[in-house]
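The structure under discussion appears below in the form of structure tokens.
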Amino acid sequence: MLSILYIFCYKYKQSADTTSNSDYKMQKEINIFNTRKLIFKTNVYTTSKKDQSTKQLIPRRFADSVREITCTNKNAFTNYMPKWECDTNDNDVKVVNYEINCEGWDSDDDYMIVNGSCSIKYDVVYQRKPQYKKYFDDQHYVEFLNTYNAIADFFDNGFLKKIAKFQLKPIALKNIDILVFEKNQQTTSRKGQVYEQLQAAKGNKYEPDQVTCTNQGFDGESIIWKCRAPLDKKYKFEKAHVSCEGWSGPGDQNVVPGSCRWSTKFQKQKYPILFMTMTQPNEQQFLLYATLQPINIFQTAF
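Sequential numbering from 1 applies to the sequence shown in the UniProt record's numbering.
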């Protein structure tokens with residue numbers, strides 16, 4: 001059966017319908033499961049019985065321009081708590097890796113919470129509009145893969161394999177729309193240092209046949225990739241890193257087209273059913289951070 005795994009974190013949730021935290025002047029007990037929407041605003045503080053108020057908006061990596069985040073209850077559950085979908089009013093900014101924390105009325109894990117007590121920790125992605133982005137929503141994904149596989153003999157990581165007929169030119173990693181890593185396929189190199197595109201980590205009991213990543217944009221420090229891979233539903237990606245051959249050597253942000261390779265470690269899921277949403281069979285989706293610092297290894301842990 002086909003599944004999607006989201007790395008978005010959901011933890012403890014907050015107050016009623018479309019009302020902002022700031023509208024609550026008195027402490028009030030509410031049921032988190034009956035909450036339909038949460039609205040978080042910049043420079044507004046939470047309500048607390050314990051005198052532990054915090055700002056509603058807590059960006060993880062650096063200060064950003066997000067002024068308001070709205071989270072909608074999806075009537076589903078993650079870790080026995082409501083699952084939320086959060087977004088901003090800015091079409092060019094997407095919130096990811098968000099974690100909602102609320103103050104329990106009687107205890108930390110009480111589903112009755114202090115109304116207006118919730119805050120959200122999050123990362124942001126300044127989205128770009130890559131040429132192939134339309135193919136990577138769920139509706140068009142299979143269509144894209146069929147098209148890609150039909151011309152796979154000519155492609156390697158989104159670039160033409162038959163380089164002899166073309167001039168090989170450097171490309172900035174941030175300008176690459178698609179990275180495709182395939183089992184038993186080799187990378188391209190100017191130095192004759194070729195590798196398997198998919199490199200198995202020690203101890204892995206399962207390896208996908210293909211990993212496909214699309215460039216989602218920039219969060220001010222890193223490129224964000226949205227990646228898909230067919231996996232057994234019992235497993236999830238624990239760590240992954242991508243390394244590419246710098247055009248002029250290590251530290252060059254321009255890379256050799258087709259030179260990127262993927263290595264990952266898998267982890268068996270403790271509660272696989274709770275973390276899965278039925279979409280496409282054996283399909284897992286996650287975000288990968290690739291740093292643009294002057295190094296030749298682009299790495300993340302998630």
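Don't be surprised by glycine CBs; every beta carbon is placed ideally from N, CA and C.
For Cys227, the closest C-alpha among the options Lys234, Pro208, Cys244, Glu245 is that of Pro208. In summary, Glu103 is buried, with 16 or more beta-carbon neighbours lying within 10 Å of its beta-carbon over all protein chains present. A distance below 8 Å separates the beta carbons of Ser189 and Val256.
C-alpha of Glu99 to C-alpha of Tyr122: approximately 6 Å in a straight line.
Asn75 and Phe33 have their C-alpha atoms spaced approximately 8 Å apart.
Around the beta carbon of Pro250, fewer than 16 other beta carbons sit within 10 angstroms, so the residue counts as exposed. Just so you know, the alpha carbons of Ile176 and Ser48 end up roughly 46 Å apart. DSSP places Asn175 within a helical segment (H, G or I) once states are collapsed to three.
For the pair Gln197 and Thr187, the CB atoms are nearer than the 8 Å cut-off. Rounded to whole angstroms, the gap between the alpha carbons of Trp84 and Thr70 is 10 Å. Ala240 and Arg60 have their C-alpha atoms some 21 Å from each other. Under the DSSP assignment, Thr88 falls in the beta strand (DSSP E) whose first and last residues are 81-88.
Linking Asn89 to Ser65 through their CA atoms gives a straight-line distance of about 11 Å.
Considering only Arg261, Lys50, Lys55, the residue with the shortest C-alpha distance to Ser107 is Lys50. Taken atom to atom, the span from the alpha-carbon of Gln52 to that of Ile113 is near 14 Å. By a beta-carbon distance limit of 8 Å, Thr46 contacts Ser119. Their separation comes to about 5 Å.
DSSP, read as helix, strand or coil, puts Asn215 in strand.
For Pro59, the enclosing beta strand (DSSP E) stretches over residues 57-59.
Taking all protein chains shown into account, Gly246 has 16 or more neighbouring C-beta atoms within 10 Å of its C-beta and is therefore buried.
Around the beta carbon of Arg261, 16 or more other beta carbons sit within 10 angstroms, so the residue counts as buried. Boundaries of the beta strand (DSSP E) around Lys41: 37-41. Taking the CA atoms as reference points, Thr54 sits about 11 Å from Gly116. In this structure, Asp87 lies away from Tyr126, with their beta-carbon atoms at least 8 Å apart.
Beta-bridge annotation (DSSP): Tyr195 is not paired with any residue. Collapsing the DSSP output to three states places Asn75 in a strand.
Residue pairing by DSSP places Ser263 opposite Gln199, His241 in a beta bridge. In terms of Cα proximity to Gln253, the closest of Lys174, Val180, Thr35, Asn101 is Lys174.
Runs of the beta strand (DSSP E) lying entirely within the segment 86-113 and spanning at least 3 residues, in chain order: 93-101. Ranking Tyr111, Pro230, Val44, Ile171 by CA distance to the CA of Glu29 puts Tyr111 first.
Annotated three-state conformation of Asn34 is helix, per DSSP.
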